[in-house]
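S.K.: Sequence positions in the sequence shown follow my numbering and run 336 to 827.
Ideal Cβ positions, reconstructed from N, Cα and C, are used throughout, including at glycine.
The structure that follows is given in the form of structure tokens.
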Amino acid sequence: MRDALLIFRKDVRHLWPRILIVLAIAALEGLLNAAAPAGNPLQLSVVWLWGFSCVYLTASAIQEESLPGDNQYWLTRPFSRRGLLMAKVLLLAVFASAPRMVVQAVALRLNGVSPLRYASVLFATGVFSLAIGLAAAALAAVTENLMQFLWVLLPIAAVEILSLMYGGREIGQNNVAWIRSSALGALIVAASIAILIVQYSRRKTFVSAGILAGTLAMAAMVPLLVTWHAAFALQSKLGRAIGPASMRISFEPSGPAGNYTAEYGKALEGIDLPIRITGIPAGTRAVSERVATTIEAPGGKTWSSGWTSTGAIANPNPLEDSHAIRADGAYRQHLYVDAEFYRAVKDAPVHLHASVAVTLLGERQSAPISARGRTGHLPGDGICGAGPGPFPSNVVVFCDWPGQAPARVYVQARSLKNGQTLESLLLPAGPYAPYPTDGSMWSGAETMFTAPPEPVEMKLETWRAIGHFERELDIPQIRLSDYAVRRITDPN
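What follows is the structure, given as structure tokens:
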């Protein structure tokens, strides 16, 4: 331990300018969060800037005593490699992980929120910060200098970006993306620890480089292996159990024809099915997430969509959240079918089966918010700000929550002059993650809408995700052309 402390103090003396940069950016992040976490456009940019500075500091610290090669000065000194590794980890803990936890705790306190209530989120922020340092340390441990570190880092970043770009339509995982991010993060941290152990115990750079290459290949496969449906299935096991007697979906062939029109490209044809939903528990509502459709036609022709966000259960009320299922009643099931397959079977009786992924919302809370300025101490310790938008009569509302934002948030504005009421959904919807996965302490959402005549009173309404499940819609015989969606460009 004495060796580790000596090396730690030496690194601090040598690297203090870079340490100050990391600390200054962490302090800036805390200052921004303390002053105005809601609607702060710089928040995520500062987190990224901190990440770059942390990577630079870590690489510099590791390469103070470079591991590859056989001409290093420290090989002739009475340093234990265990003490050397402990000194580097101590540097990361003291100047990377701990400062961010401290400034975020101070920001919470200045916003009137007890940091103890969010101790797990603060810990997750510290772990995220340390994980970035460990990944940078592992890469620096197999390179001889900063230039070589950079030349290795750039191709790795390019490969990961390409894997995300070409990961298929399952790439946009929305609220369940935290599962894939966690799997990827766990893989990177485990590999980083393995590389550091190998390098500091054996200095086997060839072996460490093999671990790095294998990890890179596995990381590139994660977006392909952890599909949206796999993530949703895991999320459903982590949520509350939903009994088989709850929500049901049934086809209503006698239902009214829809007035739905859309423009969805030449490759798809829209189908608009009248359905009835029953079994929504009292005090809850549901949200349609994704749908997987299979159509079997005469002659053995079959088409499957896979799990896609193109198509969902739709609320027929155009003034409400289009994907919200508020109570038992009549709704529309939107499906999009391959245009070529549709033209081949549209007038024939086909068997249609749709699996619908649904999230059940509960734990409703509401509170008044100011129509101008900032409102704190909202449900879930939220903070909201409201102000004029870019156009006349527009109102912009932005809200932030420490840790996990609610799954669904609405602003309701009511005119005290004529009683007119409007409701607007804040986006993006809150993730289902139990902890932040982007390194930020806060998660937020915003909306812009045309306000009713002034004076106006506004209310915030929040819903939490309490369960996730799938429901089946099976129609043994249907003619698709009877329920085709008219395109916006079609003549009346």
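Taking the straight line between their C-alpha atoms, what separation do you get for Val462 and Ala632?
M.R.: 53 Å
S.K.: When you compare each of Val626, Cys734 and Phe484 to Ala396 by their alpha carbons, which one comes out closest?
M.R.: Phe484
S.K.: Is the beta carbon of Leu426 sitting closer than 9 Å to the one on Val347?
M.R.: yes
S.K.: So the alpha helix (DSSP H) Asp607 belongs to, where does it begin and stop?
M.R.: Premise fails: Asp607 lies in the beta strand (DSSP E), Leu603 to Thr613, not in any alpha helix (DSSP H).
S.K.: Just tell me which of Asp735, Pro450, Gly715 and Trp385 has its CA closest to the CA of Gln700.
M.R.: Gly715
S.K.: Using a Cβ-Cβ distance under 9 Å, would Pro790 count as near chain B?
M.R.: Note that chain B does not occur in the displayed structure, where there is just one protein chain.
S.K.: Would you report the Cα separation of Pro651 and Ala659, rounded to the nearest angstrom?
M.R.: 10 Å
S.K.: Go ahead and pull the three-state DSSP assignment for Gln747.
M.R.: strand
S.K.: Just to check my reading of the structure: Pro609 and Ile813 have Cβ atoms closer than 8 Å, yes? What is that Cβ distance to the nearest angstrom?
M.R.: At roughly 11 Å, the Cβ-Cβ gap does not stay under 8 Å, so Pro609 and Ile813 are not in contact.
S.K.: Specify the secondary structure class of Thr645 as computed by DSSP and reduced to three states.
M.R.: coil
S.K.: Going straight from the alpha carbon of Gly502 to that of Pro766, what length do you get?
M.R.: Residue placement at Gly502 is flagged as unreliable, the pLDDT there being 46, under the threshold of 50; a coordinate-derived value is accordingly withheld.
S.K.: Give me the DSSP bridge partner(s) of His803.
M.R.: Thr694
S.K.: Taking contact to mean 3 or more Cβ pairs, one atom from each stretch, closer than 8 Å, check whether the region 515-523 and the region 548-567 are in contact.
M.R.: yes
S.K.: Do Ala786 and Ala748 have their C-beta atoms within less than 9 Å of each other?
M.R.: A contact, by the Cβ cut-off of 9 Å.
S.K.: Among the residues of its own chain, which have a CB less than 8 Å from the CB of Gly720, if the five just before and after it don't count?
M.R.: Ala371, Ala373, Gly374, Gly708, Arg709, Thr710, Val732, Phe733 and Cys734
S.K.: In its own chain, which residues sit with a C-beta less than 7 Å from the C-beta of Arg416, not counting the 5 before and 5 after it?
M.R.: Tyr535 and Ser536
S.K.: Count the other CB atoms within 10 Å of the CB of Lys423; is the residue buried (16 or more) or exposed (fewer)?
M.R.: buried
S.K.: With three or more C-beta pairs closer than 8 Å as the rule, is the region 774-794 touching the region 372-391?
M.R.: yes
S.K.: Around the C-beta of Val626, are 16 or more other C-beta atoms found within 10 angstroms, so that it is buried, or is it exposed?
M.R.: buried
S.K.: Here's the rule: buried if 16 or more other CB atoms are within 10 angstroms of the residue's CB, otherwise exposed. What is Trp736?
M.R.: buried
S.K.: What are the uninterrupted segments assigned as beta strand (DSSP E) that are 3 or more residues long and contained completely in the region 645-731, given in chain order?
M.R.: Taking only runs of at least 3 residues, the beta strand (DSSP E) segments lying wholly in the region 645-731 are 664-673, 684-704, 708-713 and 717-723.
S.K.: Give the list of continuous alpha helix (DSSP H) stretches no shorter than 4 residues that lie fully inside the region 455-543.
M.R.: Counting whole runs of 4 or more residues, the region 455-543 contains the alpha helix (DSSP H) stretches 481-500 and 512-536.
S.K.: Let me know the secondary structure DSSP gives Leu355 once reduced to three states.
M.R.: helix
S.K.: Going by CA-CA distance only, name the one from Gly447, Val791, Phe458 and Met421 that's closest to Arg435.
M.R.: Looking only at Gly447, Val791, Phe458 and Met421, the smallest Cα-Cα distance to Arg435 is reached by Phe458.
S.K.: For the beta strand (DSSP E) that contains Ala786, what are its first and last residues?
M.R.: No beta strand (DSSP E) contains Ala786, which DSSP labels as neither H nor E.
S.K.: Whose CA, out of Ser623, Pro558, His669 and Leu713, lies closest to the CA of Leu687?
M.R.: His669
S.K.: Quick one: what's got a C-beta closer than 6 Å to Glu805's C-beta in the same chain, skipping five residues either side?
M.R.: Ser690 and Ala692
S.K.: Assuming Gly365 contacts Ala442 (C-beta within less than 8 Å), just tell me the rounded distance between them.
M.R.: 5 Å
S.K.: Is Thr637 buried or exposed, if buried means 16 or more other CB atoms sit within 10 Å of its CB?
M.R.: exposed
S.K.: Give every residue of the same chain whose Cβ lies closer than 8 Å to the Cβ of Glu807, excluding the five residues on either side of it in the sequence, and list them in chain order.
M.R.: Ile584, His688, Ala689, Ser690 and Val691, listed in sequence order.
S.K.: Leaving out five residues on either side along the sequence, give the residues of the same chain with a beta carbon under 7 Å from the beta carbon of Gly590.
M.R.: Pro609 and Ala665
S.K.: Quick one: Cα of Tyr671 to Cα of Gly634, how far?
M.R.: 22 Å
S.K.: Looking at the structure shown, is Pro779 part of a helix, part of a strand, or coil, going by DSSP?
M.R.: First, the amino acid is wrong: residue 779 is Gly here, not Pro. The DSSP-derived three-state label of Gly779 is strand.
S.K.: Which residue marks the beginning of the alpha helix (DSSP H) containing Thr393, and which one marks its end?
M.R.: Gln378 to Ile397
S.K.: Cβ of Ser380 within 9 Å of Cβ of Ala431?
M.R.: no
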